[in-house]
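Colleague:
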Amino acid sequence: MTRRLDATQSGIATAASILRAGGLVAFGTETVYGLGADASQPQAVARIFEAKNRPRFNPLISHFANAQAAFTQVVPNAMAHRLVQAFWPGPLTLILPRAPGASISDLAADGLASLAVRVPANATALALLEQAGRPIAAPSANRSGRISPVDAAHVLEELDGRIDAVLDSGPCTVGVESTVVDLTDPDTPTLLRPGGITLEELVAICPHISLPQTTSDAAPHSPGRMVSHYAPHLPVRLNALQARPDEALLAFGATRPTLAPLVWNLSSTGNLEEAAARLFTGLRTLDREGQTLGLRRIAVQPIPQHGLGRAIQDRLNRAAAPRPQDGTEDMAP
Numbered sequence: 001m002t003r004r005l006d007a008t009q010s011g012i013a014t015a016a017s018i019l020r021a022g023g024l025v026a027f028g029t030e031t032v033y034g035l036g037a038d039a040s041q042p043q044a045v046a047r048i049f050e051a052k053n054r055p056r057f058n059p060l061i062s063h064f065a066n067a068q069a070a071f072t073q074v075v076p077n078a079m080a081h082r083l084v085q086a087f088w089p090g091p092l093t094l095i096l097p098r099a100p101g102a103s104i105s106d107l108a109a110d111g112l113a114s115l116a117v118r119v120p121a122n123a124t125a126l127a128l129l130e131q132a133g134r135p136i137a138a139p140s141a142n143r144s145g146r147i148s149p150v151d152a153a154h155v156l157e158e159l160d161g162r163i164d165a166v167l168d169s170g171p172c173t174v175g176v177e178s179t180v181v182d183l184t185d186p187d188t189p190t191l192l193r194p195g196g197i198t199l200e201e202l203v204a205i206c207p208h209i210s211l212p213q214t215t216s217d218a219a220p221h222s223p224g225r226m227v228s229h230y231a232p233h234l235p236v237r238l239n240a241l242q243a244r245p246d247e248a249l250l251a252f253g254a255t256r257p258t259l260a261p262l263v264w265n266l267s268s269t270g271n272l273e274e275a276a277a278r279l280f281t282g283l284r285t286l287d288r289e290g291q292t293l294g295l296r297r298i299a300v301q302p303i304p305q306h307g308l309g310r311a312i313q314d315r316l317n318r319a320a321a322p323r324p325q326d327g328t329e330d331m332a333p
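Quick note: the sequence shown uses full-length UniProt numbering, first residue 1, plus one each step.
This is how it looks when you write it as structure tokens:
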């Protein structure tokens, strides 16, 4: 049975003690709930893969209480300092060269010469990281390939009995995972995953940032780049102008009369921040209730391709992608 800890001083202290002892604790960030383990303990990191049925060829993001702690593990460059000043704490992950003497295990880094690091913007998470005093590896706290959790109840739906505790800090405010920027080559910064920091915000600090040419299910250079992910049980049909009678509808903006017997509107006013925060809960709700009603798929209305719309569409594209038989990867907070 997984313990559900309140976000109190006592609950945070208990969660930190579990992490230091090599246990697994799910905790909320501003993006999604992460499944945390001490990144310096290979056996603890291995428990993440076991709990999630996660493929072992994908690096994990390590979380820290502040930039100073993160930079003991990686070698920052000038652009890293600029991005950190603008966006940390916040939903931005940086990939940087591993520092000599870094304590993060090879298993958490997938044997790469680079590490993915971030400082989340959530008071409970920061207090936990401060008390743990270790780099905490934390992919999303769900079964591999499934919909990311944005509250403690979602975590328990998937992982109850498979992890030691969940630290309940309430619903996540951003609702999509962190933006991932590769800075291993300071001359060619690359946006590997759109997320809570928009491309427009990044360009204001890093005008020459580039986009990756491909996304592959082969062993990725960073977390969160597998093609198939967020898979509901019901198939997903994208850019649906109208829903069919056998479909649930994931709507956006003002909706016209629809044949869909089940509708979840991401934002009736067309607000992309609200839509991002409601995305994963909406997918879970339509999937669960749609199966009960005997529906065949989830139809998704078009999403604007600016601001957080890019991150939302990225997640929807992965939800709709063909699904490998042996499972897919999961996103990191």
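Note that CB positions come from ideal geometry on N, CA and C, so glycine has one too.
1) Locate the beta strand (DSSP E) running through Asp168, then write down its first and last residues.
2) Report the CB separation of residue 342 from Ala276 in whole angstroms; it is logged as a contact under 8 Å.
3) Identify, in the order they occur along the chain, each residue of the same chain with its Cβ nearer than 8 Å to the Cβ of Gln43, setting aside the five sequence neighbours on each side.
4) According to the Cβ coordinates, are Asn66 and Val119 closer than 9 Å?
5) Which one or two residues does DSSP pair with Ser114 in a beta bridge?
6) Do the CB positions of residue 400 and Ile12 come within less than 9 Å of each other?
7) Taking its Cβ as the centre, do 16 or more other Cβ atoms sit within 10 Å of Thr8, making it buried, or is it exposed?
8) One question on the structure: do Val166 and Thr2 come within less than 9 Å of each other, judged by their Cβ atoms?
9) Quick check: the region 228-242 against the region 98-114, are at least 3 beta-carbon pairs closer than 8 Å?
10) Whose C-beta lies closer than 6 Å to the C-beta of Glu274 among residues of the same chain, with five residues either side of it excluded?
11) Compute the Euclidean distance between the alpha carbons of Thr14 and Ser210, then round it to the nearest angstrom.
12) For Pro232, tell me which candidate among Leu308, Leu283, Ser144 has the shortest Cα-Cα distance.
13) Going by DSSP, name the residue or residues bridged to Gly36.
14) With a CB to CB cut of under 8 Å and the five nearest residues on each side skipped, what residues in its chain are close to Glu200?
15) Specify the secondary structure class of His63 as computed by DSSP and reduced to three states.
16) Is the beta carbon of Ala99 closer than 9 Å to that of Pro124?
Modeller: So, to answer that:
1) As a first step, residue 168 is located in the sequence shown; it is residue number 168 there, counting from the start. Unbroken beta strand (DSSP E) run through Asp168: 165-168.
2) Because the chain spans 1 through 333 in this model, residue 342 falls outside it and cannot be assessed.
3) Numbered from 1 along the sequence shown, position 43 holds the residue referred to as residue 43. These residues qualify, in order along the chain: Gly22.
4) Reading the sequence shown from its first residue, position 66 is the one you call residue 66. Reading the sequence shown from its first residue, position 119 is the one you call residue 119. Yes, the Cβ-Cβ distance between Asn66 and Val119 is below 9 Å.
5) By one-based count along the sequence shown, residue 114 stands at place 114. BP columns for Ser114 point to Pro97.
6) The question about residue 400 has no answer here: the residues shown for the chain are numbered 1 through 333.
7) If you number the sequence shown from 1, residue 8 lands on position 8. If you draw a 10 Å sphere on the C-beta of Thr8, you find fewer than 16 other C-beta atoms in it, and that means exposed.
8) Translated into positions along the sequence shown, residue 166 becomes position 166. Translated into positions along the sequence shown, residue 2 becomes position 2. In this structure, Thr2 lies closer than 9 Å to Val166 by Cβ.
9) no
10) Working through the sequence shown from its first residue, we reach residue 274 at position 274. Same-chain partners within the cutoff: Ser267.
11) Counting from one through the sequence shown, the residue named residue 14 turns up at place 14. Counting from one through the sequence shown, the residue named residue 210 turns up at place 210. Approximately 42 Å between the Cα atoms of the pair.
12) To locate residue 232, count along the sequence shown from 1; it is residue 232. The residue with the shortest Cα to Cα distance from Pro232 is Leu283.
13) Along the sequence shown, read from residue 1 onward, the residue named residue 36 stands at position 36. Answer is Val25, bridged to Gly36.
14) What you label residue 200 is simply residue 200 of the sequence shown in a count that begins at 1. Once the five neighbours on either side are set aside, the close Cβ partners of Glu200 are His306, Gly307.
15) Within the sequence shown, the letter at position 63 stands for residue 63. Looking at His63 - three-state DSSP - the assignment turns out to be strand.
16) Here residue 124 refers to the residue found at position 124 when the sequence shown is read from its first residue. Here residue 99 refers to the residue found at position 99 when the sequence shown is read from its first residue. The sequence given here has Thr at residue 124, not Pro. Contact: no.
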